[in-house]
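Residue numbers (UniProt numbering): 1 to 490. Using N, Cα and C, we set each Cβ at its ideal position, and we do this for glycine too. None of the values given here were measured: they were computed from a predicted structure. Structure record follows, encoded as structure tokens.
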């Protein structure tokens, strides 16, 4: 007899290797078609793996699964890709893994073709790009877009399928505050049309007003609490603390930027730097000086040029002007998968430690000690590419800090991190700053900026403009008020 659930997981277990340990263990979940549910848990606990199983992508494309997934009363394996995508869609945590075509316009067209869309294709593309504010880049190479812009293109592509139920894995992770508000409003409008959601996120505060219930996973890939009414989330603080996940952002107030030494050695000097792409000026006449132990933070909207500046500093893109390094420079990419060089986590760290000229025994011991600090020791023999997005980011930071760089560039270092991991990153960067490490951080996380930054810049309209502490606090308060008004609006 057909049940009333739209999506159901029955005794679901999943693992990536045939002889490996289960990433997900004995999971039972049910969702109505119009459900709106928030899924939370520690970084690396299996949330994204669960999302891929529920969408039908796993085990078709990876891994081994026991149990079953029912979609609208039928085994999800009985649906072909076209029919399945009309019922359920997924937004990947890493949008780079989702794209099949070269431009935003073609990506959305491809999605429309896959569902045999019956309307005007080009008008639908225009409407979807307009919805996410990216109609101006419809024919630009996706590869050249910022991480946040890619995130919005991936969302528009997911919306193209007109699925009845959407799985959204960290949908706000790469977005500036303005874009977060836009996405939340888009999803709220879909809720009014009875579209269902499963939202995977580390921050519950964005979603309380538009979700009905909360699911909590632990680090062992098990559901520890299910069907928690979001109105009772304040009763879960102890559980949140135990799992190491965000309840609120108050812990940031314990951190303050380190004092700077006006006589410190200059590590980087940028003079009259300009960056162009396809005859469009991205940045113009940038001048910066970075000294030992300083933390400089770049703020700005998606596509403003923050990542472009970091790439220019390490000579990965062309620029005009002068960039002089007086120390070794390291870059942690927005997508850390781009920087891994080995096939094992432990080998990646050991490779980074070679500059320390330790003997093989000391290198191995020190590498394991470093991994243990960030809860990654259990993955020492795994491939870096098998780690979750949050784990990959922590691992990339650890790997680069092991190289004894004088200046470290970090692109969205707290992306996809739970509270425990964010604390570890803050503690490590604070410690390294006291030891003389200089950092340039590109971020949309204003709490992170307030905790670490000696100098803050806003990147906008091709300019990199330093702002005062008072100006920063005003921006932070305005954005907080605006976000709260949108989040709390029914």
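Query                                                                                                                                                                   : Result
Helix, strand or coil: which one does DSSP assign to residue 121?                                                                                                       : helix
What is the rounded straight-line gap between the Cα of residue 345 and the Cα of residue 323?                                                                          : 33 Å
Would you report the Cα separation of residue 461 and residue 301, rounded to the nearest angstrom?                                                                     : 10 Å
Using a 10 Å radius around the Cβ and a threshold of 16 neighbouring Cβ atoms, would you call residue 333 buried or exposed?                                            : buried
Within the region 62-149, note down every full beta strand (DSSP E) run reaching 3 residues or more, in order along the chain.                                          : 64-71 and 88-91
What's the C-alpha gap between residue 363 and residue 374?                                                                                                             : 17 Å
List in chain order: all unbroken alpha helix (DSSP H) runs of 4+ residues lying wholly within the region 273-303.                                                      : none
Does residue 466 come out as helix, strand or coil in the three-state DSSP assignment?                                                                                  : strand
Could you tell me which of 101, 71, 163 and 90 sits nearest to residue 199, measuring between CA atoms?                                                                 : 90
Relative to the C-alpha of residue 293, which candidate in 263, 315, 316 and 88 has its C-alpha closest?                                                                : 263
Go to residue 331, then tell me how far its beta strand (DSSP E) extends in each direction, as first and last residue.                                                  : 329-332
Out of curiosity, what's the CA-to-CA distance linking residue 98 and residue 92?                                                                                       : 6 Å
Between the alpha carbons of residue 56 and residue 178, how many angstroms are there, rounded?                                                                         : 32 Å
With DSSP as the reference, label residue 167 as helix, strand or coil.                                                                                                 : strand
Can you tell me whether residue 424 is buried or exposed? The criterion is at least 16 other CB atoms within 10 Å of its CB, across all chains shown.                   : buried
By the DSSP assignment, the beta strand (DSSP E) with residue 325 in it spans what residues?                                                                            : 320-325
Could you give the C-beta distance for residue 191 and residue 36, rounded to a whole number, given that I count them as a contact under 8 Å?                           : 6 Å
Cutting at 8 Å between CB atoms, please list the residues of its own chain near residue 335, excluding the five before and the five after it.                           : 94, 96 and 147
Roughly how far, in whole angstroms, is the beta-carbon of residue 26 from the beta-carbon of residue 237, given that I think they are within contact range, below 8 Å? : With a Cβ gap of about 27 Å, residue 26 and residue 237 do not count as contacting.
Hey, would you say residue 154 sits closer than 7 Å to residue 88, going by beta carbons?                                                                               : no
Short of 7 Å in beta carbon distance, which residues of its chain neighbour residue 227, apart from the five on each side in sequence? Order them along the chain.      : 213
Please report how far the alpha carbon of residue 477 lies from the alpha carbon of residue 271, in whole angstroms.                                                    : 33 Å
With DSSP as the reference, label residue 378 as helix, strand or coil.                                                                                                 : helix
Specify whether the region 298-315 and the region 243-259 touch according to this definition: at least 3 beta carbon pairs, one from each stretch, less than 8 Å apart. : no
Using only CA atoms, which one of 50, 126 and 42 lies nearest to residue 22?                                                                                            : 50
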